[in-house]
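So the structure is just underneath, and the comments pick up after that.
In the numbering used here, the protein residues as written are 21 to 145.
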């Protein structure tokens, strides 16, 4: 995503629109990841995964490890069309998992990144 111009910030201020908490969104192997103001990354499922898999019907964390290396298994998902294991695009320590995924799988089918996120990761130093 591009940085927001000063003019857009002014327009957003007067129209009540808020600047997203995460700006520089990148995608790797079906996972979007974005660095927040706190230096941590939020990871979620990219829309390209939905195109390939259809509606997601099941998701599970394959392990409960707190530390991730790039390309470690991040999330097992089943969709209408296939079954996949999504890999982590970055290395770091998991500081939060979206526990609501297990309670309401429909959250993963929501295109809103504030809803379909998977984990928050503190990057490896």
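Virtual Cβ for every residue (Gly too), placed ideally from N, Cα, C.
| Query | Result |
| --- | --- |
| Beta-bridge partners of residue 103, as assigned by DSSP | 98 |
| Of the residues 131, 114 and 136, the one placed nearest residue 144, counting alpha carbons only | 114 |
| Secondary structure of residue 46, DSSP reduced to three states | strand |
| Between the CA atoms of residue 119 and residue 55 - distance to the nearest angstrom | 20 Å |
| Alpha carbon of residue 81 to alpha carbon of residue 94, nearest angstrom | 6 Å |
| Beta-carbon gap between residue 64 and residue 100 smaller than 8 Å | no |
| For residue 98 and residue 79, the rounded distance between their alpha carbons | 6 Å |
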